[in-house]
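*Asks:* In this note's numbering, the protein residues as written are 7 to 259. For glycine and all other residues, C-beta sits at the position ideal for the given N, C-alpha and C. This structure is in structure tokens; I'll ask about it shortly.
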């Protein structure tokens, strides 16, 4: 399960000790999963209790780490708990990859709102989700417009490649400035419940929908087998360069 290391402008424990939490997370996940299995076998929990309960606990723990420290915390939108594409992405790829959910990067030109960023061994995937109901179809219409088709009804939306290319350009410039030549930026349009059709040939853009999601997860795992030095350095640099707002903890928080 991919590690969630940043949420918007929330403070994150990974900002304080990235490597410490990056190593602690898989250990904690494994330990708690063993305990959960033992409770199931020992009859201490409802045997019909689905694995989903463990996933819910783990996701809540990830949100806690990505929005608070011992001394400060940042509120995050409640709807994040129900963000389907985020949970699917986190669960679909292994622990040696790291996700920043829509961070704001501080650049020389000022703060820049980015799409979500997935850090792997040898690349950074800039991810733009397409949100729709199961079976929806997304198609390009023109340079700046796409359409979403739901049960025959059509509505237009802004071309997702516009925001995605902007994020990719910002990340590519960041990597160059940091001298991180081993990492490459790649754009991903992600529609886990829908279909993406009639898209242009893009060498640096990957289109992932319900037909090829599993295959893409498998390929992503192959790029995240071992934690690499430059991957760690990049994550630390991005966290340091991300805008953060937090409030001091009180006895009630």
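Pair every Cβ in the stretch 17-33 with every Cβ in the stretch 70-81, then say whether three or more of these pairs are closer than 8 Å.
*Replies:* yes
*Asks:* Find the nearest neighbour of residue 192 within the set 85, 179, 185, 204, judged by alpha-carbon distance.
*Replies:* 179
*Asks:* What does DSSP give as the partner residues of residue 215 in its beta bridges?
*Replies:* 197
*Asks:* Which class does residue 131 belong to by DSSP, given the choice of helix, strand or coil?
*Replies:* Three-state result, residue 131: strand.
*Asks:* Taking the alpha helix (DSSP H) that residue 141 belongs to, which residues open and close that run?
*Replies:* Unbroken run through residue 141: none, as it is neither H nor E.
*Asks:* Under the three-state reduction of DSSP, which class applies to residue 54: helix, strand or coil?
*Replies:* Note that residue 54 scores 46 on pLDDT, short of 50, meaning its location in the model is unreliable and no value can be drawn from it.
*Asks:* Is the Cβ-Cβ distance between residue 81 and residue 253 less than 9 Å?
*Replies:* yes
*Asks:* Would residue 168 be called buried (16 or more neighbouring beta carbons within 10 Å of its own) or exposed?
*Replies:* exposed
*Asks:* Let me know the secondary structure DSSP gives residue 250 once reduced to three states.
*Replies:* coil
*Asks:* Taking the straight line between their C-alpha atoms, what separation do you get for residue 175 and residue 188?
*Replies:* 16 Å
*Asks:* Can you tell me whether residue 33 is buried or exposed, with buried defined as 16 or more other CB within 10 angstroms of its CB?
*Replies:* Per the 10 Å Cβ criterion, exposed.
*Asks:* Buried or exposed for residue 259, going by 16 or more other Cβ atoms inside 10 Å?
*Replies:* Note that residue 259 has pLDDT 48, beneath the 50 cutoff, so the model's placement of it is unreliable and no number is given.
*Asks:* For residue 251, I'd like the list of residues in its chain whose CB is within less than 7 Å of its CB, leaving aside the five on either flank, ordered along the chain.
*Replies:* Once the five neighbours on either side are set aside, the close Cβ partners of residue 251 are 15, 80.
*Asks:* Within its chain, find whatever has a CB closer than 6 Å to the CB of residue 145; leave out the 5 residues flanking it on each side and keep chain order.
*Replies:* Cβ neighbours of residue 145 beyond the five flanking positions: 153, 203, 204.
*Asks:* Any idea what DSSP makes of residue 104, helix, strand or coil?
*Replies:* strand
*Asks:* Assuming residue 173 contacts residue 121 under a Cβ cut-off of 8 Å, what Cβ separation, rounded to an integer in Å, is found between them?
*Replies:* 4 Å
*Asks:* What are the start and end residues of the beta strand (DSSP E) that includes residue 113?
*Replies:* 110-113
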